[in-house]
Every structure is written in C-alpha cells, then in structure tokens.
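Asks: Counting in this note's numbering, the sequence shown runs from 3 upward without gaps.
All C-beta atoms in this analysis are idealised placements derived from N, C-alpha and C, irrespective of residue type, glycine included.
Quick one: the structure is below, and I'll ask about it shortly.
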Amino acid sequence: MKLKIAIGGDHAGFEYKKLLTSQLEEKGHEVKDFGPFSDASVDYPDHVHPLAKAINEKEYDFGILICGSGNGVAMTANKYPQVRAALCWLPELSKLSREHNNANILCIPARFVSENLAAEMTRLFLETPFEGGRHANRVNKIACQ
C-alpha cells in the first residue's frame, strides 16, 4: 500500500534521511522532506514542529524523524496531542511501538544505529499494524485533555 510519509530531523540525521527517502520512494511511497537539506548544523525544532503538526492534523500517514540521539526530535514531536513519536534503536522496539502504542512517528538515533538497522526499523514500523484491543484503551489515555 502506498503511504504518505513525512521525514525530517537534524544535521546528524541528514545522510540517513537521504537514504531512507530514496528507499521509501523506490517502494512507491509519497515522501515529503521537512528538512534539513544539508548536513550544516540546524536547530531540530525548526524542522520537527512543521512535521509533527502535519502528522497531528493527519496530513500524512506516518512520520520519520532522525537526529543524533533521537531524543530531541521525540520530545519535540510529542508535544502535539495526536502524535505518538517512538524513539527506537532495535527492530523489536519499532515493531512494538506500532503494535502496542500505535506510534505514528518513528524517531531514529543516527549516531547509535547503522543505516541498515535504520532501514529495517523503518520497514517494520510502516508494515506493522496496531493490534488494538487492550492496547486501544491505553493509547486513548495518552494525550493530555
């Protein structure tokens, strides 16, 4: 199934972002790059806020954010009530973030995972459905009222 995917991050994630964008487009997905557009130092919130807002407003099916540790992009994205950004560094975490938490943004720590691992986590994230059931009630309690 063709997905609409938003991708972004910071300078530490720039090379991974290019690689993942290429792989996703080869699979037929529509990818919107929210930047940065070079490896020059940037402030990640400048790129994360527009992406997270677009996910929050359901303009895209999923988001992928990549920075050095993954923490800054996750913290920023999770400020939006309909965003569930998951910091993942193992394929199992990526899969579980979808199955149990219905995550809609994958956050990748580029300085701590290989390009191959980032690609595998992305594949699993996009292909794994939310289990619902007992997890749905929990997910519905995440957003602040």
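What distance in whole Å lies between the Cβ atoms of residue 11 and residue 75, which are believed to be in contact at a cut-off of 8 Å?
Replies: Contact check for residue 75 and residue 11: beta-carbon distance about 6 Å, within the 8 Å limit, so the pair qualifies.
Asks: By Cβ distance, which residues of its chain are closer than 7 Å to residue 146, with the 5 residues on each side in sequence left out?
Replies: Around residue 146: 83.
Asks: Residues in the same chain with beta-carbon distance under 6 Å from residue 87, minus the five sequence neighbours each way, listed in chain order, please.
Replies: 76, 79, 80, 107, 109
Asks: Tell me which same chain residues have a C-beta within less than 6 Å of the C-beta of residue 137, skipping the five on either side of it?
Replies: 102
Asks: According to DSSP, is residue 39 helix, strand or coil?
Replies: coil
Asks: Spatial neighbours of residue 117 within its chain, please: C-beta separation below 7 Å, excluding the five flanking residues on both sides.
Replies: 18, 21
Asks: Tell me whether residue 74 sits in a helix, a strand or coil according to DSSP, three-state version.
Replies: In this structure, residue 74 counts as helix in the three-state DSSP scheme.
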